[in-house]
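Peer 1:
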Amino acid sequence: MTQQEPGNDYPLSEVPLHARKGLASTAMVLLGFTFFTATMFAGGKLGVAFSFTDMLGVVALGNLLLGTYAAGLGYIAFKSGLNSVLMGRFCFGEVGSKLSDLILGFTQIGWYAWGTATAAVVLGKYFELSPGSVLALMVVFGLVFCATAYIGYRGLEILSYIAVPAMGILLFLSMWVATVKVGGLDGLLAVVPTGELDLSTAITLVFGTFVSGATQATNWTRFSRSAKVAVLASLIGFFIGNGLMVLIGAYGAIVYQQPDVVEVLLLQGFAMAAMAMLLLNIWSTQDNTIYNFAVAGCNLLRTKRRKTVTLAGAVIGTLLALLGMYDLLVPYLILLGTVIPPIGGVIMADFFYRYRGRYPRLADARLPAFNWPGLVAYAVGTVLAFNSPWVAPLVGIVVASLTYIALTAVLRVRAPLAEAQA
Numbered sequence: 028m029t030q031q032e033p034g035n036d037y038p039l040s041e042v043p044l045h046a047r048k049g050l051a052s053t054a055m056v057l058l059g060f061t062f063f064t065a066t067m068f069a070g071g072k073l074g075v076a077f078s079f080t081d082m083l084g085v086v087a088l089g090n091l092l093l094g095t096y097a098a099g100l101g102y103i104a105f106k107s108g109l110n111s112v113l114m115g116r117f118c119f120g121e122v123g124s125k126l127s128d129l130i131l132g133f134t135q136i137g138w139y140a141w142g143t144a145t146a147a148v149v150l151g152k153y154f155e156l157s158p159g160s161v162l163a164l165m166v167v168f169g170l171v172f173c174a175t176a177y178i179g180y181r182g183l184e185i186l187s188y189i190a191v192p193a194m195g196i197l198l199f200l201s202m203w204v205a206t207v208k209v210g211g212l213d214g215l216l217a218v219v220p221t222g223e224l225d226l227s228t229a230i231t232l233v234f235g236t237f238v239s240g241a242t243q244a245t246n247w248t249r250f251s252r253s254a255k256v257a258v259l260a261s262l263i264g265f266f267i268g269n270g271l272m273v274l275i276g277a278y279g280a281i282v283y284q285q286p287d288v289v290e291v292l293l294l295q296g297f298a299m300a301a302m303a304m305l306l307l308n309i310w311s312t313q314d315n316t317i318y319n320f321a322v323a324g325c326n327l328l329r330t331k332r333r334k335t336v337t338l339a340g341a342v343i344g345t346l347l348a349l350l351g352m353y354d355l356l357v358p359y360l361i362l363l364g365t366v367i368p369p370i371g372g373v374i375m376a377d378f379f380y381r382y383r384g385r386y387p388r389l390a391d392a393r394l395p396a397f398n399w400p401g402l403v404a405y406a407v408g409t410v411l412a413f414n415s416p417w418v419a420p421l422v423g424i425v426v427a428s429l430t431y432i433a434l435t436a437v438l439r440v441r442a443p444l445a446e447a448q449a
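Take 28 as the starting number for the sequence shown in our numbering and just add one per residue.
What follows is the structure in structure tokens.
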């Protein structure tokens, strides 16, 4: 067996028990991931479309569904020590899993381009920089934001321990000032909605905006020391963390007609805090994003050189930012929230139904090139999600899971034997 390169984070194999982490570490990394500016825009749409109490209910329900989905995958990640792209080999096949690698990897590089460009553009506006200086900032941020991901899990952990408490203080300060401005709880309850949004669309916004991230949170929950750590960290990150982002966006839209907390902090007179919030908020998500790309790329190329793939991804993301692709990315990436959740649905059905809750060691498993029930189930889930009038990501997960179970049962597809058992 070859020696694992320090900091390479087991890109093609299970995370061993000696490398596992506790709740504080795992939850902090996931909070750093879910504290993301783009999520606030979903909250902004809710804030103007519902009464304050109804909005709280929608936020709670949508994020509870998201947290439960992340926790289900997190449990599998703990049990197996694998992330979603490696689990994909079991449910899609050795070659078939490259489909999920491409989908998950491309989505993350798109987010990286958007985040890199956003940081540079916002700072450029605030400091009145020239267009050339903004482009230069994109290059700087594109390289700097990947530094902690290059280090590996430890780098993400260190940044999260700094960024999450700092962002938490700023967020609650902003919410307190906004609450005072609107007239306290009575003022919030008296706000009359000015927009319209049906419940299904609202839940789709909350659940769908970051479900692609929840599908890939297994990159960190596989480092969990216990099932309890994996499940609780997932709920803390996606129910509480993502929920807070949506709530902050709703608050900003209600009080300031502006869902972006950076803009809200500027309106509140906290200019330096706003700039700090921008950089911490984006960096703590950017490094997770490029880390996601790297592990998907490692599985696609079957290479252990995670650090090299991380740098390559940062260069690609920076080039996309410079080319202006970020202008079109946000609605496109939200659309990808429909095609990614069925991957998680197939993974859960495969693990709990076909493998009865226990994968063999990946190195010992004799896997087919293509697992057709998995690929067909993914396609069915995606098509029905695209055409669903209800919560599309949830439909994709449920339909993909049920289709996979049905195909596996009808075709009597058995779990492959390990080499040692053959």
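Ideal Cβ placement from N, Cα and C applies to all residues, glycine included.
Around the Cβ of Lys72, are there at least 16 other Cβ atoms within 10 angstroms (buried) or fewer (exposed)?
Peer 2: With 16 or more Cβ atoms within 10 Å of its Cβ, Lys72 is classed as buried.
Peer 1: State the start and end residues of the unbroken alpha helix (DSSP H) segment that holds Gly189.
Peer 2: A small fix is needed here, since residue 189 is Ile in this sequence, not Gly. Looking at the DSSP string, the run of the alpha helix (DSSP H) that includes Ile189 is 180-209.
Peer 1: Looking at the structure shown, is Ser160 part of a helix, part of a strand, or coil, going by DSSP?
Peer 2: Ser160 falls in the helix class under three-state DSSP.
Peer 1: Of the residues Asn246, Glu121, Thr143, which one's Cα is nearest the Cα of Arg471?
Peer 2: Given that the chain is displayed from residue 28 to residue 449, the structure contains no residue 471 and the question cannot be resolved.
Peer 1: Just the Cα atoms here: how many angstroms apart are Cys118 and Ser124?
Peer 2: In a straight line, the C-alpha of Cys118 is about 8 Å away from that of Ser124.
Peer 1: Using the three-state DSSP reduction, which class does Ala392 fall into: helix, strand or coil?
Peer 2: In the structure shown, Ala392 sits in a strand (DSSP, three-state: E or B).
Peer 1: Can you name the residues that DSSP bridges to Lys334?
Peer 2: According to DSSP, Lys334 bridges with nothing at all.
Peer 1: Which two residues bound the contiguous alpha helix (DSSP H) that contains Val85?
Peer 2: Taken as a continuous stretch (DSSP letters only), the alpha helix (DSSP H) holding Val85 covers 79-107.
Peer 1: Compare the Cα-Cα distances from Gly276 to each of Phe266, Ile267, Val288, Phe265 and report the closest residue.
Peer 2: Considering only alpha carbons, the answer is Val288.
Peer 1: With DSSP collapsed to three states, give me the class of Ser251.
Peer 2: Ser251: strand per DSSP, three-state reduction.
Peer 1: Among the candidates Asn315, Gln295, Asp213, whose CA atom is the shortest distance from the CA of Met202?
Peer 2: Checking every option, the nearest Cα to that of Met202 belongs to Gln295.
Peer 1: Taking 7 Å as the cut-off, decide whether the C-beta atoms of Asn35 and Val322 are in contact.
Peer 2: Against a cut-off of 7 Å, the Cβ pair of Val322 and Asn35 comes out as no contact.
Peer 1: Please list, in chain order, all residues of the same chain as Asn398 whose beta carbon is under 7 Å from its beta carbon, the five residues on each side excluded.
Peer 2: So the qualifying residues of the chain are Cys118, Phe119, Gly120, Gly123.
Peer 1: Candidates Leu292, Leu186, Glu41, Phe297: which alpha carbon is nearest Phe52's?
Peer 2: As written in the sequence, residue 52 is Ser, which differs from the Phe given in the question. Ranking the options by Cα distance to Ser52, first place goes to Leu186.
Peer 1: How many Å lie between Val161 and Leu305 at the Cα?
Peer 2: Each residue's Cα considered, the two are about 15 Å apart.
Peer 1: Between Val149, Ile263, Gly401, which has its C-alpha nearest Pro303's C-alpha?
Peer 2: The identity of residue 303 in the sequence shown is Ala, whereas the question assumes Pro. Among Val149, Ile263, Gly401, the Cα nearest to that of Ala303 belongs to Val149.
Peer 1: CB-CB under 6 Å to Pro395, same chain, minus the five flanking residues each way: which ones, in chain order?
Peer 2: Answer for Pro395: Gly120, listed in chain order.
Peer 1: Can you give the Cα-Cα distance for Thr337 and Thr316, rounded to whole angstroms?
Peer 2: Thr337 and Thr316: Cα-Cα distance of roughly 10 Å.
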